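Trainee: Please see the structure below; I have some questions.
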Amino acid sequence: MAETVTQPGAGADGPLPKGFRGAEQGWPELHRIPHPPRRLPLLGDVLGVDRRTPVQDSMRLAGQLGPVFRRKAFGNEFVFVWGAALAADMADESRFAKHVGLGVANLRPVAGDGLFTAYNHEPNWQLAHDVLAPGFSREAMEGYHAMMVSVAGRLTDHWDREEAAGRWVDVPGDMTKLTLETIARTGFGHDFGSFERDRPHPFVTAMIGTLTYAQRLNSVPSPLAPLLLRQASRRNAADIGFLNRTVDELVAERRRTGRGEGDLLDRMLETAHPETGERLSAENVRRQVITFLVAGHETTSGALSFALHYLALHPGVAARAAAEVDRVWGDTPAPGYDQVAKLRYLRRVLDESLRLWPTAPAFAREARRDTVLAGDHPMRRGGWALVLTPMLHRDPEVWGPDADRFDPDRFEAKAARGRAPHTFKPFGTGARACIGRQFALHEATLVLGLLLRRYDLTADPGYRLTVTERLTLMPEKLRLRLERRRPAPAPVRVADMSGSADGGCPVHGTGD
Ligand code: HEM
Numbered sequence: 080m081a082e083t084v085t086q087p088g089a090g091a092d093g094p095l096p097k098g099f100r101g102a103e104q105g106w107p108e109l110h111r112i113p114h115p116p117r118r119l120p121l122l123g124d125v126l127g128v129d130r131r132t133p134v135q136d137s138m139r140l141a142g143q144l145g146p147v148f149r150r151k152a153f154g155n156e157f158v159f160v161w162g163a164a165l166a167a168d169m170a171d172e173s174r175f176a177k178h179v180g181l182g183v184a185n186l187r188p189v190a191g192d193g194l195f196t197a198y199n200h201e202p203n204w205q206l207a208h209d210v211l212a213p214g215f216s217r218e219a220m221e222g223y224h225a226m227m228v229s230v231a232g233r234l235t236d237h238w239d240r241e242e243a244a245g246r247w248v249d250v251p252g253d254m255t256k257l258t259l260e261t262i263a264r265t266g267f268g269h270d271f272g273s274f275e276r277d278r279p280h281p282f283v284t285a286m287i288g289t290l291t292y293a294q295r296l297n298s299v300p301s302p303l304a305p306l307l308l309r310q311a312s313r314r315n316a317a318d319i320g321f322l323n324r325t326v327d328e329l330v331a332e333r334r335r336t337g338r339g340e341g342d343l344l345d346r347m348l349e350t351a352h353p354e355t356g357e358r359l360s361a362e363n364v365r366r367q368v369i370t371f372l373v374a375g376h377e378t379t380s381g382a383l384s385f386a387l388h389y390l391a392l393h394p395g396v397a398a399r400a401a402a403e404v405d406r407v408w409g410d411t412p413a414p415g416y417d418q419v420a421k422l423r424y425l426r427r428v429l430d431e432s433l434r435l436w437p438t439a440p441a442f443a444r445e446a447r448r449d450t451v452l453a454g455d456h457p458m459r460r461g462g463w464a465l466v467l468t469p470m471l472h473r474d475p476e477v478w479g480p481d482a483d484r485f486d487p488d489r490f491e492a493k494a495a496r497g498r499a500p501h502t503f504k505p506f507g508t509g510a511r512a513c514i515g516r517q518f519a520l521h522e523a524t525l526v527l528g529l530l531l532r533r534y535d536l537t538a539d540p541g542y543r544l545t546v547t548e549r550l551t552l553m554p555e556k557l558r559l560r561l562e563r564r565r566p567a568p569a570p571v572r573v574a575d576m577s578g579s580a581d582g583g584c585p586v587h588g589t590g591d
């Protein structure tokens, strides 16, 4: 990684000035950073832009403008970074921190100072982080495993019926049901009954409403938002009201019925900070529950959907992954916790899907003090940029000229070890990286394993990947045809599998 260079007179760390929004204030040499041609006065870079796909538009522009570029929309200018050297420099926690801006800041009305949307200086971030982090320890994860298997069973019951009827399965819809039920059951002891419903649970509809609204806020000039989005804003307020009521009922039910065997909600309600003895306030618990229900399922659902898309498109990869599942799990009806981490090839498939389509496709970083990014771009304290992960994950200098090609062997242990750090960042970086990473990886690997063991997947020959954006990414209208596989071959003893492993725990070791 480039040696860090700081300007003389760098400011101290701490809360940043309020209202520090536009790139003009944070990038003294902004003029050196390219922007799209045909910039319009007042409006900015709006020609040829589709407001429904800001991430994919930015990916296209990235290819034209290079590793750092800027876009302007209605007076607000944003800097995007995706070159590996620049992104690695931004991962330096001594000089950069999470920036709560754009889409994330737009979620503050619903998630407030919950973990995901908290400003770095808000005391509730550290409090909640310290209280909730043990909820993602190995021990806690082992406790969730049986519930994850049981929710996956509801998915396969449903898919068995669809298969028997010869119907296509709705992949994003069913993955969303699965991941919502998983986080609701493991985290909060709650059952939304998603698989028993024809339409999405109203919680999901309200959640998608708030995510879409948060994204739309970026596509109109902020002073005009109340006018242009009046109706949408009313609907958003109703959605937030619904989310709050759902969560309040869930919390009230827990208070009535008692403990939930040490799940996340128990931790939120009962655990005091180990050092200060402080507890989360009722208001903060509400925000954390919403945060976890939303962050805990939308992104994992997308990750599973993209992985299934690629598995169906690449029968050779699917066959290799299914053979691994048969070999490692044998005939055991329900794999144990440790048997999931042993699916090393399948984990590579998941990583490769998250490389091409990281479902949380950007994260923002701000300078803690005056500094120079990658030795070339001066930044003032508070200046910030978006790391555009799908392009970082396709930087040809790291991933080669065929970076757009799906190839799980890029994550073979030796290849992963040979790559520079901070080049694969689907879960963000530093202190504010994803707290649910192990949860998501365990759940997704388990579910993919269960599905590959049970079905052969057939892609719809007419399907062309279309990616929907609502802060997260999802393959739109992806459907697959299933065929029940022959019974799995006889189990192979663990000792026989040692030659097939590529070293390093697939759940704990991605190389950065
Ligand atoms: C494939 C699935 C997932 C992906 C790709 C993902 C991605 C991310 C990313 C990129 C961030 C950092 C955002 C930023 O810097 O602004 C983040 C933060 C977070 N994620 Fe995830 N996530 C996933 C699953 C989960 C799950 C399953 C949970 C909960 C069970 C979760 C809870 C959170 C929370 C609470 C934060 C905020 C952490 C903090 O700032 O302290 N995520 N996630």
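If you use this note's numbering, the sequence shown corresponds to residues 80 to 591, in order.
Every residue gets a Cβ at the ideal spot worked out from N, C-alpha and C, and that includes glycine.
On a predicted model such as this, the values are computed, not experimentally measured, just so you know.
1) Check whether the region 114-128 touches the region 418-437, taking contact to mean three or more Cβ pairs, one atom from each stretch, closer than 8 Å.
2) Could you check whether the region 212-227 touches the region 339-359, counting it as contact only if at least three pairs of C-beta atoms, one from each stretch, sit closer than 8 Å?
3) Bridge partners for D249 per DSSP, in chain order?
4) Is the beta carbon of V158 closer than 8 Å to that of A464?
5) Expressed to the nearest angstrom, what Euclidean distance is found between the alpha-carbon atoms of A567 and R399?
6) Consider the C-beta atom of G320 and the heavy atoms of the ligand HEM; say whether any pair is separated by less than 7 Å.
7) Measure the beta-carbon distance from A391 to T537 and round it to whole angstroms, keeping in mind my assumption that it falls under 8 Å.
8) With DSSP run on the structure shown, which of helix, strand or coil describes N39?
9) Where does P133 sit, in a helix, a strand or coil, going by DSSP?
10) Do you know how far the Cα of A374 is from the Cα of A293?
11) From D417 to V407, what does the alpha carbon distance come to, in whole angstroms?
12) Within the 8 Å Cβ cut-off, does M169 reach chain B?
13) Under 8 Å between the Cβ atoms of W161 and L471?
14) Please state whether the Cβ-Cβ distance between P107 and R459 is less than 8 Å.
15) Enumerated in chain order, which unbroken segments of the beta strand (DSSP E) with a length of 3 residues or greater are wholly contained in the region 160-192?
16) At 4 residues or longer, and completely inside the region 422-510: list those alpha helix (DSSP H) runs for me, N to C.
17) Using the beta-carbon count (16 or more within 10 Å), is W247 buried or exposed?
18) How would you label Q143, buried or exposed, when you count the other beta carbons within 10 angstroms and need 16 or more for buried?
19) Going by Cα to Cα distance, which pick from R334, A152 and P540 is closest to P115?
20) At a cut of 8 Å, does the region 125-132 reach the region 437-449 through at least three beta carbon pairs?
21) Output the distance between the C-alpha atoms of E445 and L550, rounded to the nearest integer angstrom.
22) Quick check: does the Cβ of L194 come within less than 7 Å of any heavy atom belonging to the ligand HEM?
23) Quick one: using the 10 Å Cβ neighbour count with 16 as the cut-off for buried, is S137 buried or exposed?
24) Since V546 is in the beta strand (DSSP E), which residue starts that stretch and which ends it?
25) Would you mind working out which of T258, F282 and P480 sits nearest T524, comparing C-alpha positions?
26) Considering only heavy atoms of the ligand FAD, does any lie closer than 7 Å to the CB of F371?
27) What's the call for G541, buried or exposed, on a 16-neighbour Cβ count within 10 Å?
28) Grab me the residues of R532's own chain with a C-beta within less than 8 Å of its C-beta, minus the 5 sequence neighbours each way, in chain order.
29) For the beta strand (DSSP E) containing T537, list its first residue and its last residue.
30) Pull up the distance between the alpha-carbon of L165 and that of G479, whole angstroms please.
31) Should D318 be labelled buried (16 or more other beta-carbon atoms within 10 Å of its own) or exposed?
32) Pull up the CB-CB distance for A443 and G180, whole angstroms please, since I reckon it's below 8 Å.
33) Taking its Cβ as the centre, do 16 or more other Cβ atoms sit within 10 Å of G454, making it buried, or is it exposed?
34) By how many angstroms is the C-alpha of I262 removed from the C-alpha of Q517?
35) Given that a residue counts as buried once 16 or more other Cβ atoms are within 10 Å of its Cβ, and exposed if not, what is D488?
Mentor: The short version:
1) Touching, no, given that fewer than three Cβ pairs across the two stretches are closer than 8 Å.
2) Contact between the region 212-227 and the region 339-359 is present, because at least three Cβ pairs lie under 8 Å.
3) Beta-bridge pairing by DSSP links D249 to R558.
4) In this structure, A464 sits near V158, with a CB-CB distance shorter than 8 Å.
5) Confidence at A567 is low in this model, with a pLDDT of 47, below 50, so the placement of that residue should be treated as unreliable; the coordinate-derived value is given next. Their Cα atoms are separated by approximately 14 Å.
6) G320 Cβ: outside cutoff for every heavy atom of the ligand HEM.
7) That pair is a contact at about 6 Å.
8) A question about residue 39 goes unanswered here, because the residues of the chain that appear run from 80 up to 591.
9) P133 sits in a helix when the DSSP states are folded into three classes.
10) Taking the straight line from one Cα to the other gives about 14 Å.
11) Roughly 11 Å between the two C-alpha positions.
12) The structure shown contains no chain B; it holds only a single protein chain.
13) L471 is positioned such that its CB atom lies closer than 8 Å to that of W161.
14) Closer than 8 Å, so yes.
15) For the region 160-192, whole beta strand (DSSP E) runs of length 3 or above, ordered along the chain, are 175-177.
16) Within the region 422-510, the alpha helix (DSSP H) runs of at least 4 residues that lie entirely inside it are, in chain order, 423-435, 468-471, 475-478 and 492-496.
17) Exposed: under 16 other Cβ atoms inside 10 Å.
18) By the 10 Å Cβ count, Q143 comes out exposed.
19) If we check each option's Cα against that of P115, A152 comes out closest.
20) Short answer: they don't touch.
21) Distance between the alpha carbons of E445 and L550: 20 Å.
22) Checking every heavy atom of the ligand HEM against the Cβ of L194, one is found closer than 7 Å.
23) It is buried - the Cβ of S137 has at least 16 other Cβ atoms within 10 Å.
24) It spans V546 to R549 - the beta strand (DSSP E) in which V546 sits, taken as one unbroken run.
25) Comparing alpha-carbon positions, the option among T258, F282 and P480 lying closest to T524 turns out to be T258.
26) This structure lacks the ligand FAD; its bound ligands are the ligand HEM.
27) Its Cβ having fewer than 16 others within 10 Å, G541 is exposed.
28) Result list for R532: A401, V404, D405, W408, R564 and A567, in chain order.
29) Membership of T537 in the beta strand (DSSP E) is indicated by the continuous run Y534 to A538.
30) L165 and G479 have their C-alpha atoms roughly 18 Å apart.
31) By the 16-neighbour rule on beta-carbons within 10 angstroms, D318 is buried.
32) With a Cβ gap of about 5 Å, A443 and G180 count as contacting.
33) Under this definition G454 is an exposed residue.
34) The C-alpha of Q517 lies about 13 Å from the C-alpha of I262.
35) When all chains shown are included, D488 counts as exposed.
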